[in-house]
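A short write-up of the structure that comes next.
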Amino acid sequence: MKRAILLSHLFVREGEGYKLDVIDLCVDHFRKNNPDTYIFLSGHGLTPLSSTLDNSNGYYWPNEIIESEINVGHPRLVNEGLDRLIELGFEYVCKARIDSIHLIPNITEYCHGIITKEKTKKLVTTCNDHGYMGDLFTYGDVNFIKKCWNEKTWYPTTTGLLSLGKNFINTVGGLNEKSWLELLKKHCSYRDPDTLKWVNLRAYYQQILSLPRDKVLNNDFDFKDYIWDDWPLENRYTENNYYN
Numbered sequence: 149m150k151r152a153i154l155l156s157h158l159f160v161r162e163g164e165g166y167k168l169d170v171i172d173l174c175v176d177h178f179r180k181n182n183p184d185t186y187i188f189l190s191g192h193g194l195t196p197l198s199s200t201l202d203n204s205n206g207y208y209w210p211n212e213i214i215e216s217e218i219n220v221g222h223p224r225l226v227n228e229g230l231d232r233l234i235e236l237g238f239e240y241v242c243k244a245r246i247d248s249i250h251l252i253p254n255i256t257e258y259c260h261g262i263i264t265k266e267k268t269k270k271l272v273t274t275c276n277d278h279g280y281m282g283d284l285f286t287y288g289d290v291n292f293i294k295k296c297w298n299e300k301t302w303y304p305t306t307t308g309l310l311s312l313g314k315n316f317i318n319t320v321g322g323l324n325e326k327s328w329l330e331l332l333k334k335h336c337s338y339r340d341p342d343t344l345k346w347v348n349l350r351a352y353y354q355q356i357l358s359l360p361r362d363k364v365l366n367n368d369f370d371f372k373d374y375i376w377d378d379w380p381l382e383n384r385y386t387e388n389n390y391y392n
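See below:
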């Protein structure tokens, strides 16, 4: 069974060199904690550092900023990564942000264990009862995730979460008199950001970069103050109300 990691969802403009350091730490951490897993990067703008690229197995990174991708889920860039992984014969993918880390070694194995045990199609987080499906982190069958990220039905949109939710409904054949939550429960496992040990480098990069690098790479620091606790915040599901 071939599994891969896709790191995406970031652009780097001129004058944003600090993002290159963030990306470098992110990829270094994923490589340290997933030494045998194929890691693909997709982003845009200034090219990542050579040390970053050396820690990856491949990348798609146009120099020009694709403005239409920003704040709507980066559908083109995610699809570029998914297409590459499908071409290479990967069956499952963990898609995450390239400015965040998860303090879980062998994360594809961890995620696969969850969906196998719960008999679901994919693992999701940060969803709410307005039909929003978190587009920043997910794990599942790469072809199923590719269908959920169908770029042809992504637009018009003001947020990738709503587009992903809509595409998910279409991919599983519609609501068919089920509620949004019932449909999620049927097809998706759910975990909270703190369960996923999801550290927000976008918001806390200065604090994390100031820590000894070996401690960060070895998950030897208190991450609870740095959890990714971003939107949607309104009516967001938790593991407690999702499973109970």
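Position in the sequence shown counted from 1, then plus 148, gives you this note's numbering.
No residue lacks a Cβ here, since even glycine has one placed at the ideal position from N, Cα and C.
As the structure is a prediction and not an experimental result, all values here were calculated from the model.
Cβ-Cβ separation, residue j to residue i (assumed contact under 8 Å), whole Å
| i | j | result |
| --- | --- | --- |
| residue 288 | residue 310 | Between residue 310 and residue 288 the Cβ distance is about 19 Å, and since that is not below 8 Å, they are no contact. |
| residue 173 | residue 364 | 7 Å |
| residue 208 | residue 229 | 6 Å |
| residue 283 | residue 341 | Not a contact, Cβ separation roughly 14 Å. |
| residue 328 | residue 277 | 7 Å |
| residue 181 | residue 153 | At roughly 10 Å, the Cβ-Cβ gap does not stay under 8 Å, so residue 181 and residue 153 are not in contact. |
| residue 279 | residue 322 | Wrong, their Cβ atoms sit about 13 Å apart, outside the cutoff. |
Cut-off 8 Å between Cβ atoms - residues of its own chain near residue i, not counting five sequence neighbours on either side
| i | result |
| --- | --- |
| residue 217 | 159, 192, 223, 224 and 225 |
| residue 294 | 227, 230, 231 and 234 |
| residue 254 | 181, 182 and 185 |
Close Cβ partners of residue i (< 6 Å) along its chain, the five nearest in sequence each way excluded
| i | result |
| --- | --- |
| residue 316 | 281 and 296 |
| residue 104 | Because the chain is modelled from 149 through 392, residue 104 falls outside the range shown and cannot be assessed. |
Residue i (DSSP reduced to helix, strand or coil)
| i | result |
| --- | --- |
| residue 151 | strand |
| residue 242 | strand |
| residue 193 | strand |
| residue 315 | helix |
| residue 282 | coil |
| residue 348 | strand |
| residue 250 | strand |
| residue 220 | coil |
| residue 187 | strand |
| residue 361 | helix |
| residue 375 | strand |
| residue 391 | helix |
| residue 303 | coil |
| residue 353 | helix |
CB contact flag (residue i, residue j, <7 Å)
| i | j | result |
| --- | --- | --- |
| residue 275 | residue 352 | no |
| residue 256 | residue 185 | yes |
| residue 204 | residue 187 | yes |
| residue 320 | residue 241 | no |
| residue 345 | residue 250 | yes |
| residue 269 | residue 335 | yes |
| residue 369 | residue 359 | yes |
| residue 164 | residue 227 | no |
| residue 196 | residue 171 | yes |
| residue 201 | residue 155 | no |
| residue 150 | residue 237 | yes |
| residue 347 | residue 374 | yes |
| residue 245 | residue 157 | yes |
Run of the beta strand (DSSP E) containing residue i, from where it starts to where it stops
| i | result |
| --- | --- |
| residue 288 | 286 to 289 |
| residue 272 | 270 to 272 |
| residue 206 | 206 to 208 |
Run of the alpha helix (DSSP H) containing residue i, from where it starts to where it stops
| i | result |
| --- | --- |
| residue 233 | 223 to 235 |
| residue 335 | 328 to 335 |
| residue 176 | 165 to 181 |
| residue 199 | 198 to 202 |
| residue 157 | Where residue 157 is concerned, there is no enclosing alpha helix (DSSP H), given that its DSSP letter is neither H nor E. |
| residue 261 | 255 to 266 |
Cut-off 7 Å between Cβ atoms - residues of its own chain near residue i, not counting five sequence neighbours on either side
| i | result |
| --- | --- |
| residue 169 | 357 |
| residue 286 | 243, 270, 271, 272 and 293 |
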